[in-house]
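All residue numbers for the sequence shown refer to numbering that gives the first Met the number 0, where the first residue is 0 and numbers rise by one.
One structure is given below, encoded as structure tokens.
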Amino acid sequence: MANVEHTGRPGDAFGTGAGDPARARLSAVRAGLWLIAAVLAVRQLAAVLGTPRGDRLTDLETWVGPEGVLHVNGSLYDSTRFTGTPFGGLVLKPLTRAAEQALGWGWTFGTLLLVVAIGLIAARALPQPVTRRTALLAAPVAISLLMLSLPVRNTLHLGQTSIIPVLLVLLGCLTVRGERASGVLIGVAAALQPAVLLFAPLLWFTGRRRAALSAGATFAVCTALAWAAMPRDSMTYWVHHLAGVGLGGPADGLANQSLHGALLRSGLTGPLEIALYALLAAAVAVVGLRRSVRYARDGQLLLAVALTGCVAVAVSPTTWRHQLLWVLFALVGRVGRRASDRYVWPVAVVLVMTLPATMMLPNMPVLHPLRDNVVLLAALAAACAVPFLARSSPYYTAPVPTEYAPPAPGRRRLVPLPPFLRRVLTRPNLLLELLLIRVGYSAYQQVRLAAADEGSADARATAEHHGDQLLSLERFLGIDIEHTVNHAVVGVGWLRHFFDFYYESFHFVVPLTVLGVLYARRPAEYRWARSALGFATLLALVGFWLYPLAPPRLMPHLGVIDTVHGVQDFSKPDYGTLTALTNQYAAMPSLHFGWSLWCGLVIAILAPKAWMKALGLLHPLFTVSAIVATGNHWVLDAVGGAAVVGAGFGLTHLLQGPRARTPRPAVATAGGGGATAAAGATVPEGRSAPGGGPAPSGAAAPDGGAGTHAGAGTDGGAAPDGGVSTGRPGSAKDRTPS
């Protein structure tokens, strides 16, 4: 489902004219992606079947199990456990015996097959034109994303049927040719999930009026049949429970990602909430459907279907988690003029649809309204706000190319160079960076917590044994100074307070400040520094996992005083678990020191003034003093932190080559008839050099626009190993896959 355009170059590794080695690589990549999709499907199957019988397929068990509501002679809604439409109950009742026998493997496997069918349909419906690479790789990528998505995982776990309406709509809108047949499919889907009826206006306003009428008629017939067969149930569902709002979980629960649920969670109730919900729902429906019609007429039918589904998600009185799959399809829309901006929207959608909301936003009270409604906000953004490009836009197929420094000599021969590791000179998208930093840090926290079971006596014993090992090694080396330094600092009040404050306050502030300054002033160096920090953190996680280590303050026989957290009660079995937010035995390597050393090195390398370099190097010195003085780390932990930072810089150099440098800003020089741009200077895209003449060779747009950079340059100029790549707008040679 990637948005990649065909460049048409004969030598394009993934183009139609590629040679046999390129086709072989494409085949290998495709086989690998299909393998990943198969592994994810098997994993989902195993996750469901590996769950105890009473905890899996709970909704399906509620319907068709021995005590299920579909066996009851009374109303389906007497217990409020059945939340489907009366037509859904009418369809499921004859299948009760078969479904009961298929509980488990058969039902789950059948649902997986439906998910695969949805992925294949979506992959074939990508807005044209697409490259041969995209056409070949879209299906396994789409199926993998579906398997990872929270709605599919929730559907598989509960045994829900929400996949069926999605499949019926995709078949009716994208696959079936006859208008009457496509309308019937969408009408049946609406009878199962009423909000799907919003696809009828999409059909009507895009010229498929017979299909729209057929959809409406089919919905009416199915609903009437259910009303005739089960009048009491129909009255209960459509009137007493207002189309199912009063069924299942509370409408203000977090699982209800609709406008109605969001308003209820905000504290609004009664007539005011109903009126506001009706007003907002009408506005979203009008705006969203107008946009859907526009993109359908533009030839982006899959995007139009996705936006209509997002409207249905928002305006439905209840939209439970297993009904939110429509949002995932919205990632096919193209957003942004620059090639580097094209990744922001699809990455955001994938993160929202595959990760818990707690990983997307920190646990801060001020952010709870956003975190509790993150999927709804994504649906509203897609339906009403995100400026998807029309196919008539010149940037749709030719975004402003990303500006790269050329690879170092021999770099491709030594290590394969993926595009995302190439040395980019332009500033990355801020929203994408913030998303990845937040999600990356959340993943870091989760892995760090999972590295050791702090409540386990065995894990604690292992960590303390490793502490004894490290202490023995330090005594052998003559550097076992932790106890001495700790007690010396405790005896000096102001010094103890200083190191406690430094330990608690600067661990995150300084690295984030360094990254922020580099992002604003030195974008090429920002990417280099960020990559080194990321590699160092990943290597540190490996250390936490393989070598859980008790810090000196958690070694009962050493007598080290915990100056930050207070005196520990070693008589309690869980004394090591100080908080639920951190793994107290993730001490080797010390990222407190590692991150501070990274800050010091980056400042020392990039700062223009000697006093700035010296000030930057003081930070790791104060940090190593603080981690030892407060009893939180061994001296060798700092050595481990230095090792992973060195390895991080080494991996960055190995994969990216020498550090790329941010081009200098434009410099005007007087001469001749007027001022001219100096060679190698930056000139805004589409403008001539000062003085009215054309931009000379060496002028480049700051966003990757026109110009050819000169190879010469010193600090702050072009990279010393050959300068900067050409960046003509629309050039097939330098166009970046979007």
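Positions of the beta carbon are idealized from the N, C-alpha and C atoms, including for glycine.
For residue i, write down the residues that DSSP places opposite it in a beta bridge.
{"i": "Y403", "result": "V423"}
Please state whether DSSP places residue i in a helix, a strand or coil.
{"i": "R337", "result": "strand"}
{"i": "V739", "result": "Outside the shown range of the chain (0 to 737) lies residue 739, about which nothing can therefore be said."}
{"i": "P316", "result": "coil"}
{"i": "M363", "result": "coil"}
{"i": "A368", "result": "With the sequence shown as reference, residue 368 is identified as Pro, and Ala is not the correct amino acid for it. Correct three-state label for P368: helix."}
{"i": "M747", "result": "Residue coverage of the chain in this structure runs from 0 to 737, which leaves residue 747 outside it and unanswerable."}
{"i": "T15", "result": "Any answer about T15 is weak, because its pLDDT of 41 lies below 50 and its placement is not dependable; what the coordinates show is given next. Three-state result, T15: coil."}
{"i": "D26", "result": "With the sequence shown as reference, residue 26 is identified as Ser, and Asp is not the correct amino acid for it. Helix."}
{"i": "K608", "result": "coil"}
{"i": "A138", "result": "helix"}
{"i": "T222", "result": "helix"}
{"i": "V165", "result": "helix"}
{"i": "V346", "result": "helix"}
{"i": "A659", "result": "coil"}
{"i": "T160", "result": "coil"}
{"i": "F592", "result": "helix"}
{"i": "W633", "result": "coil"}
{"i": "D54", "result": "helix"}
{"i": "S441", "result": "helix"}
{"i": "F86", "result": "helix"}
{"i": "Q127", "result": "coil"}
{"i": "D467", "result": "helix"}
Ignore the nearest five residues each way along the sequence and tell me which others in residue i's own chain have a CB closer than 7 Å to its CB.
{"i": "T110", "result": "T154, L155 and I162"}
{"i": "A141", "result": "M0, G118, A121 and A122"}
{"i": "Y342", "result": "L431"}
{"i": "V187", "result": "L167, T217 and C221"}
{"i": "R529", "result": "L514"}
{"i": "A625", "result": "F498, Y501 and Y502"}
{"i": "N428", "result": "S339, D340 and V343"}
Suppose contacts are defined by Cβ-Cβ distances below 7 Å. Is residue i in contact with residue j by that definition?
{"i": "V348", "j": "A329", "result": "yes"}
{"i": "T317", "j": "V373", "result": "no"}
{"i": "T57", "j": "L157", "result": "yes"}
{"i": "V114", "j": "L145", "result": "yes"}
{"i": "A274", "j": "L258", "result": "no"}
{"i": "T357", "j": "S148", "result": "no"}
{"i": "A523", "j": "R336", "result": "no"}
{"i": "G182", "j": "A210", "result": "yes"}
{"i": "G649", "j": "S589", "result": "no"}
{"i": "G466", "j": "A549", "result": "yes"}
{"i": "L301", "j": "V331", "result": "yes"}
{"i": "F387", "j": "V334", "result": "yes"}
{"i": "G630", "j": "R552", "result": "yes"}
{"i": "A225", "j": "P85", "result": "yes"}
{"i": "T107", "j": "V47", "result": "yes"}
Give me, in chain order, the residues of the same chain whose beta-carbon lies closer than 8 Å to that of residue i; leave out the 5 immediate sequence neighbours on both sides.
{"i": "D19", "result": "none"}
{"i": "L360", "result": "L366, L369, R370, V373 and R437"}
{"i": "L197", "result": "A284, L288, T307, V310, A311 and V314"}
{"i": "V286", "result": "A382 and C383"}
{"i": "F592", "result": "P619, T622, V623, I626, H632, D636, A637, G640 and A641"}
{"i": "A242", "result": "P193, Y236 and P316"}
My understanding is that residue i touches residue j, with C-beta atoms under 8 Å, so please give their C-beta distance in whole angstroms.
{"i": "W325", "j": "A305", "result": "6 Å"}
{"i": "P150", "j": "L323", "result": "5 Å"}
{"i": "R658", "j": "W527", "result": "5 Å"}
{"i": "L184", "j": "V195", "result": "Between V195 and L184 the Cβ distance is about 10 Å, and since that is not below 8 Å, they are no contact."}
{"i": "V627", "j": "W597", "result": "The pair is not a contact, with the Cβ atoms about 19 Å apart (cut-off 8 Å)."}
{"i": "G83", "j": "M229", "result": "Contact flag wrong, Cβ pair sits at about 12 Å."}
{"i": "G647", "j": "L532", "result": "7 Å"}
{"i": "R231", "j": "D251", "result": "So it is not a contact: roughly 28 Å between Cβ atoms."}
{"i": "L32", "j": "S143", "result": "7 Å"}
{"i": "V488", "j": "R495", "result": "5 Å"}
{"i": "A256", "j": "L379", "result": "For the sequence presented, residue 256 should be read as Gln rather than Ala. With 8 Å as the limit, Q256 and L379 do not qualify as a contact, their Cβ atoms being about 10 Å apart."}
Using C-beta distances below 6 Å, list every residue in its chain close to residue i, excluding the 5 sequence neighbours before and after it, in chain order.
{"i": "A389", "result": "D297"}
{"i": "G703", "result": "Residue confidence for G703 is low, a pLDDT of 35 falling below 50, so the modelled location carries little weight and cannot support an answer."}
{"i": "S441", "result": "M358"}
{"i": "W594", "result": "P510"}
{"i": "E272", "result": "L262"}
Please indicate yes or no: does the CB of residue i lie closer than 6 Å to some heavy atom of the ligand NAD?
{"i": "A613", "result": "The model depicted lacks the ligand NAD and carries no ligand whatsoever."}
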